[in-house]
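There are 2 protein chains.
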Amino acid sequence: MNCPGCESSDKDPNFVFQTNYWKVFLNPKQTYLGRSIATLKRHCASLSDLTNEEWDDFVGLVKIIESAYKKALSATLFNWSCLMNDAYQNEPPNPHVHWHLRPRYENPVRLFGLTFEDLEFGHHYARPETSYTAPQDIQEKIIERLRESLEGEP
Amino acid sequence: MNCPGCESSDKDPNFVFQTNYWKVFLNPKQTYLGRSIATLKRHCASLSDLTNEEWDDFVGLVKIIESAYKKALSATLFNWSCLMNDAYQNEPPNPHVHWHLRPRYENPVRLFGLTFEDLEFGHHYARPETSYTAPQDIQEKIIERLRESLEGEP
Numbered sequence: 045m046n047c048p049g050c051e052s053s054d055k056d057p058n059f060v061f062q063t064n065y066w067k068v069f070l071n072p073k074q075t076y077l078g079r080s081i082a083t084l085k086r087h088c089a090s091l092s093d094l095t096n097e098e099w100d101d102f103v104g105l106v107k108i109i110e111s112a113y114k115k116a117l118s119a120t121l122f123n124w125s126c127l128m129n130d131a132y133q134n135e136p137p138n139p140h141v142h143w144h145l146r147p148r149y150e151n152p153v154r155l156f157g158l159t160f161e162d163l164e165f166g167h168h169y170a171r172p173e174t175s176y177t178a179p180q181d182i183q184e185k186i187i188e189r190l191r192e193s194l195e196g197e198p
Numbered sequence: 045m046n047c048p049g050c051e052s053s054d055k056d057p058n059f060v061f062q063t064n065y066w067k068v069f070l071n072p073k074q075t076y077l078g079r080s081i082a083t084l085k086r087h088c089a090s091l092s093d094l095t096n097e098e099w100d101d102f103v104g105l106v107k108i109i110e111s112a113y114k115k116a117l118s119a120t121l122f123n124w125s126c127l128m129n130d131a132y133q134n135e136p137p138n139p140h141v142h143w144h145l146r147p148r149y150e151n152p153v154r155l156f157g158l159t160f161e162d163l164e165f166g167h168h169y170a171r172p173e174t175s176y177t178a179p180q181d182i183q184e185k186i187i188e189r190l191r192e193s194l195e196g197e198p
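Residue numbers (this note's numbering), protein chains in the order written: chain A, 45 to 198; chain B, 45 to 198.
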C-alpha cells in the first residue's frame, strides 16, 4: 500500500537531517519559517505503538530541533502536533507516525532578502493556513542554515 | 506569577485522572468527544526542559489514554498537540507544558441521549472550533465513563 512516510528519503530535496529512528524534512509551506515534519523511519500507525527506543530518540530529537532552530532562525517557541488525519481519507487508512513542527516567532525575521512574520503569534496557527510556499532556492537556503546549526548539536 | 497549569488540581470538577508526573482534565469544549488536556504537574516552560522521567511517564500516559478512550468512546484515532501559544499573550510569558488531546471519530457516537459527530474526520480539527461546550452533567458522565475504562489500564 502506498505510504508517503515510507517513501520519503534522505535523497529528497527537502531532507534536513536524521537520527536513528526519525527523519526530518522541511515542509515547503514556510508561512511559519522552518516548518518541518519529523517522520518515523519505520511504518507504524500510532503513538501507542512506538517502541521505547523510538520515543527516547524522539525526546533527543525535540531537544536538538528546539535548540538548533532557535539558533538558526531566532524562533521563540515551537508548536508540535501529531495528528495523522489525512491517512483516514483512504480506505483502508494506512497511517504512518509523523510530527508537524511549527516554529513560532514573536518578532519578524529577515533572512535571504525576505521578511517572515508570524501574524498569529500568541495564538493557534492559522487554519486554513495562509499558504506561503517557499521557492526551491529559499527552501535550500533555510535547510543549509538549519544544518549549520544542527552541526553544533550533540 | 499566575499559572493556570499550576493552579489546576485533582479537586477540579473536570479532573479525569493522573499519573506520577501528569494530570488529565476534560476540556469543557466537547466538539471532539473526550477532548482533554494533559498538564505537567511541575511548572516547566518547554518540551526541551522535560526530564527523562517526565517523558517516560508521558509515553505511558499516551498508551493509557489511547486505549481507555477507545474503549470508552469508540474513538478512531487521536490528535495530540503541544502548542503553548496563549501563554505568549502575557508579558512576560509564563508557559507551562501541556498537551491537547482530541479524539477523532469515523462514525457518530451516541451517548447520554446525544449524538457526537466528527464533521471534519480525515481532516485537521476545525479552527476556529465550532464550540460545543458540554453541560456540566454531560461532562460528569463523560468523565465517569472514562474513569471506568481507565480502571482496566495498567
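Cβ coordinates follow ideal geometry from the N, Cα and C atoms, glycine included.
Computed from a predicted model, the values in this text were never measured in an experiment.
(Q) Please state the DSSP three-state secondary structure of A/GLN74. (A) Numbered from its first residue, the first sequence carries residue 74 of chain A at position 30. Coil at A/GLN74, not helix or strand.
Q: Return the residues of the stretch 81 to 99 of chain A that lie within a Cβ-Cβ distance of less than 8 Å from chain E, sorted by chain order.
A: Absent from the structure: chain E. Protein chains present are A and B.
Q.
Using C-beta distances below 8 Å, list every residue in its chain close to A/ILE109, excluding the 5 sequence neighbours before and after it, in chain order.
A. Sequence index remark: in the first sequence, residue 109 of chain A carries index 65 (1-based). Answer for A/ILE109: VAL68, SER80, ALA82, PHE122, LEU145, listed in chain order.
Q. Between the stretch 87 to 105 of chain B and the stretch 163 to 182 of chain B, do at least 3 Cβ pairs fall closer than 8 Å?
A. no
Q) Buried or exposed: A/GLN74, going by 16 or more other Cβ atoms within 10 Å of its Cβ? A) Start at 1 with the first residue of the first sequence, and residue 74 of chain A comes out as number 30. Answer is buried; the Cβ neighbour count reaches 16.
**Q.** Coil, strand or helix - A/CYS126 by DSSP
**A.** Residue mapping note: residue 126 of chain A aligns to position 82 of the first sequence, counting from 1. Looking at A/CYS126 - three-state DSSP - the assignment turns out to be strand.
Q) How many whole angstroms separate the CB atoms of B/THR63 and B/ASP101, which I take to be in contact at a CB cut-off of 8 Å? A) Numbered from 1 along the second sequence, position 19 holds the residue referred to as residue 63 of chain B. Numbered from 1 along the second sequence, position 57 holds the residue referred to as residue 101 of chain B. So it is a contact: roughly 5 Å between Cβ atoms.
(Q) Could you give the first and the last residue of the continuous beta strand (DSSP E) run that contains A/ALA82? (A) If you number the first sequence from 1, residue 82 of chain A lands on position 38. From DSSP, the beta strand (DSSP E) with A/ALA82 extends over 80 to 84.
Q. Using a C-beta to C-beta distance shorter than 9 Å, which residues of chain B count as neighbours of A/ASN129?
A. Taking the first sequence and counting its residues from 1, the one referred to as residue 129 of chain A is at position 85. Result: LEU121, ASN123, ARG148, GLU164, PHE165, GLY166, HIS167, HIS168, TYR169.
Q) For A/LYS41, which of helix, strand or coil comes out of DSSP? A) Nothing about residue 41 of chain A can be reported from this structure: the residues present for chain A run from 45 to 198 only.
Q | Distance, B/PRO198 Cα to B/LEU94 Cα | A | Residue 94 of chain B sits at position 50 when you count from the first residue of the second sequence. Residue 198 of chain B sits at position 154 when you count from the first residue of the second sequence. Cα to Cα, the separation comes out at about 23 Å.
Q. At a CB-CB cut-off below 9 Å, which residues of chain B make contact with A/SER111?
A. To locate residue 111 of chain A, count along the first sequence from 1; it is residue 67. Under the 9 Å cutoff, chain B gives SER92.
Q. Any residues in the stretch 56 to 74 of chain A with a beta carbon nearer than 8 Å to a beta carbon of chain B? Which ones, in chain order?
A. none
Q) Smallest Cα separation from B/GLY49: which of B/SER92, B/TRP124, B/THR120, B/ALA131? A) Residue 49 of chain B sits at position 5 when you count from the first residue of the second sequence. The option with the nearest alpha carbon to B/GLY49 is B/ALA131.
Q.
Looking only at its chain, what residues have a beta carbon closer than 7 Å to the beta carbon of A/TYR169, apart from the 5 residues adjacent to it on each side?
A. Working through the first sequence from its first residue, we reach residue 169 of chain A at position 125. The answer, listed in chain order, is TYR76, ASN123, ARG146.
Q) Closest Cβ-Cβ distance between A/CYS47 and chain B: below 8 Å? A) The count along the first sequence starts at 1 and reaches residue 47 of chain A at position 3. No, A/CYS47 lies away from the interface with chain B (no Cβ there is under 8 Å from its Cβ).
Q.
Just to confirm the assignment, what range does the beta strand (DSSP E) spanning B/ARG154 have?
A. Residue 154 of chain B sits at position 110 when you count from the first residue of the second sequence. Taken as a continuous stretch (DSSP letters only), the beta strand (DSSP E) holding B/ARG154 covers 153 to 155.
Q: Give me the Cα-Cα distance between B/TRP143 and A/ASP56, rounded to the nearest whole angstrom.
A: Sequence index remark: in the second sequence, residue 143 of chain B carries index 99 (1-based). Sequence index remark: in the first sequence, residue 56 of chain A carries index 12 (1-based). Their backbone Cα atoms lie some 31 Å apart in a straight line.
Q) Out of curiosity, what's the CA-to-CA distance linking A/PRO72 and A/LEU127? A) Looking up residue 72 of chain A in the first sequence gives position 28. Looking up residue 127 of chain A in the first sequence gives position 83. Approximately 18 Å between the Cα atoms of the pair.
Q.
I want to verify the contact list: residues of chain B whose CB lies under 7 Å from the CB of A/GLN180, in sequence order.
A. Here residue 180 of chain A is taken as the residue at index 136 of the first sequence, counted from 1. Chain B residues near A/GLN180: none, gap ~26 Å exceeds 7 Å.
**Q.** For A/HIS142: DSSP bridge partner residues
**A.** Numbered from its first residue, the first sequence carries residue 142 of chain A at position 98. DSSP lists A/THR83 as partners of A/HIS142.
**Q.** Under 8 Å by beta carbon: chain A residues contacting B/VAL103
**A.** For the purposes of this step, residue 103 of chain B is taken as the residue at position 59 of the second sequence. In chain order: LEU94, ASN96, TRP99.
Q) Do the CB positions of A/ALA116 and A/GLU195 come within less than 8 Å of each other? A) The sequence position of residue 116 of chain A within the first sequence is 72, counting from 1. The sequence position of residue 195 of chain A within the first sequence is 151, counting from 1. No, the pair does not count as a contact, with Cβ atoms beyond the cut-off.
Q: Measuring only between beta-carbons, confirm whether A/VAL106 sits less than 8 Å from chain B.
A: Translated into the one-based positions of the first sequence, residue 106 of chain A becomes position 62. It does: the Cβ of A/VAL106 has a partner Cβ on chain B nearer than 8 Å.
Q: Rounded to whole angstroms, what's the CA-CA distance from B/THR120 to A/ARG171? Just pull it up for me.
A: Translated into positions along the second sequence, residue 120 of chain B becomes position 76. Translated into positions along the first sequence, residue 171 of chain A becomes position 127. Distance between the alpha carbons of B/THR120 and A/ARG171: 23 Å.
**Q.** Simplified DSSP state of A/LYS185, which is helix, strand or coil
**A.** As a first step, residue 185 of chain A is located in the first sequence; it is residue number 141 there, counting from the start. Helix, per DSSP.
Q.
Could you tell me the alpha carbon to alpha carbon distance between A/LEU84 and B/GLU161, rounded to whole angstroms?
A. As a position in the first sequence, residue 84 of chain A is number 40, starting the count at 1. As a position in the second sequence, residue 161 of chain B is number 117, starting the count at 1. Whole-angstrom Cα-Cα distance: 30 Å.
Q | Coil, strand or helix - A/LYS107 by DSSP | A | Indexing the first sequence from 1 puts residue 107 of chain A at position 63. A/LYS107: helix per DSSP, three-state reduction.
**Q.** Close Cβ partners of B/PHE156 (< 7 Å) along its chain, the five nearest in sequence each way excluded
**A.** The residue you call residue 156 of chain B lines up with position 112 of the second sequence. Only ILE182, LYS185 meet the Cβ criterion.
Q. If B/VAL106 sits next to A/SER92, beta carbons under 8 Å apart, how far is it from one beta carbon to the other, in whole angstroms?
A. For the purposes of this step, residue 106 of chain B is taken as the residue at position 62 of the second sequence. For the purposes of this step, residue 92 of chain A is taken as the residue at position 48 of the first sequence. The pair is a contact, with the Cβ atoms about 6 Å apart (cut-off 8 Å).
Q. Which word fits B/ARG154, buried or exposed, when buried means at least 16 other C-beta atoms lie within 10 angstroms of its C-beta?
A. The residue you call residue 154 of chain B lines up with position 110 of the second sequence. Counting Cβ neighbours within 10 Å, B/ARG154 comes out exposed, since fewer than 16 surround it.
Q | Sequence-distant residues of its chain with Cβ nearer than 8 Å to B/ASP54 (five each side left out) | A | As a first step, residue 54 of chain B must be located in the second sequence, where it is residue number 10. Cβ neighbours of B/ASP54 beyond the five flanking positions: GLN62, LYS67.
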